[in-house]
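J.: Count along the sequence shown from 1, add 22, and you get the number used in my numbering.
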Amino acid sequence: MGANVAALAMHALAELMEKARIGRLTRYQHILLRLGEWIAYAECAGSFARRAALLAEGKLSEKANRRFDAAELAALSRIFAREAALKVAEEGLRWVVGAGGVSEAEMAAFETNLGMPAIHRAQAGLIADMDFVADVLYGRAAKPTALSA
Numbered sequence: 023m024g025a026n027v028a029a030l031a032m033h034a035l036a037e038l039m040e041k042a043r044i045g046r047l048t049r050y051q052h053i054l055l056r057l058g059e060w061i062a063y064a065e066c067a068g069s070f071a072r073r074a075a076l077l078a079e080g081k082l083s084e085k086a087n088r089r090f091d092a093a094e095l096a097a098l099s100r101i102f103a104r105e106a107a108l109k110v111a112e113e114g115l116r117w118v119v120g121a122g123g124v125s126e127a128e129m130a131a132f133e134t135n136l137g138m139p140a141i142h143r144a145q146a147g148l149i150a151d152m153d154f155v156a157d158v159l160y161g162r163a164a165k166p167t168a169l170s171a
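Written out as structure tokens, the structure reads:
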């Protein structure tokens, strides 16, 4: 569903927000606005995963759009969750470090706290999911792959 990767995005966001709070980085308008962008990405990833889970369980509202079936929506959710986690963690690291919120000595620990290794590992299967979604969108016969989930 992508919930596990959306959780990585949420965790990275929490670490960034705490670092911004401690360092008083929201004094910089650019950091404040970037935080809003990262919050939106992480929350959308979580919402997308929730929707995919509800569809898979047959609990999605009857008024909801049914363009995609459960497997298709799950693939879309995984794709977006990967994108959101990477965006939040990598851009967050860039801007927090750029604003002086992390010293050189703290860098390795901060990268680990953000979950960078786990986020990078979560990118596995991205192309297979994207190929699957492309097949769905363009009505092509799916090619069997070992990586598609």
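Where a beta carbon is used, it is the ideal one built from N, C-alpha and C, also for glycine.
(1) Mapping DSSP to helix, strand and coil, what is PHE90?
(2) For GLY114, name the three-state secondary structure that DSSP assigns.
(3) Taking the C-alpha atoms as reference points, what is the distance between ALA156 and ALA93?
(4) If we ignore side chains and look at the alpha-carbon of each, how far apart do GLN145 and ALA75 end up?
(5) Cβ of ALA67 within 8 Å of Cβ of ALA28?
(6) To the nearest angstrom, report how far apart ARG89 and ALA64 are at their CA atoms.
(7) Please go through the same chain and pick out, in chain order, the residues whose beta-carbon is closer than 6 Å to the beta-carbon of PHE132, but skip the five residues on each side of it.
(8) Which term fits ILE101, buried or exposed, when burial requires 16 or more other beta carbons within 10 angstroms of its beta carbon?
(9) Tell me whether ASP91 is buried or exposed, calling it buried when 16 or more other Cβ atoms sit within 10 Å of its Cβ.
(10) Grab me the residues of LEU47's own chain with a C-beta within less than 7 Å of its C-beta, minus the 5 sequence neighbours each way, in chain order.
(11) At the level of alpha carbons, what is the spacing between MET172 and LEU98?
(12) Please report the residue range of the alpha helix (DSSP H) in which LEU63 lies.
(13) Mapping the DSSP letters down to three states, classify VAL124 as helix, strand or coil.
(14) How big is the Cα-Cα spacing for ARG43 and GLU59?
(15) Beta carbon of LEU38, beta carbon of GLY114: below 8 Å?
T.: Quick answer:
(1) Of the three classes helix, strand and coil, the one that applies to PHE90 here is coil, per DSSP.
(2) Reduced to three states, the DSSP call for GLY114 is helix.
(3) Cα-Cα distance, rounded: 13 Å.
(4) Their Cα atoms are separated by approximately 20 Å.
(5) Against a cut-off of 8 Å, the Cβ pair of ALA28 and ALA67 comes out as a contact.
(6) Going by the C-alpha atoms only, they are around 23 Å apart.
(7) Non-local C-beta neighbours of PHE132 in its own chain, meaning closer than 6 Å and more than five positions away in sequence, comprise VAL124, ordered along the chain.
(8) When all chains shown are included, ILE101 counts as buried.
(9) Exposed is the call here.
(10) These residues qualify, in order along the chain: ILE53, VAL118, ALA121 and GLY123.
(11) Nothing can be reported for residue 172, as the shown portion of the chain is limited to 23 through 171.
(12) Residue 63 is actually Tyr in this sequence, not Leu. 51-79 is the extent of the alpha helix (DSSP H) around TYR63.
(13) The DSSP-derived three-state label of VAL124 is coil.
(14) Answer to the nearest angstrom: the Cα atoms are 17 Å apart.
(15) With respect to GLY114, LEU38 sits close: the two C-beta atoms are nearer than 8 Å.
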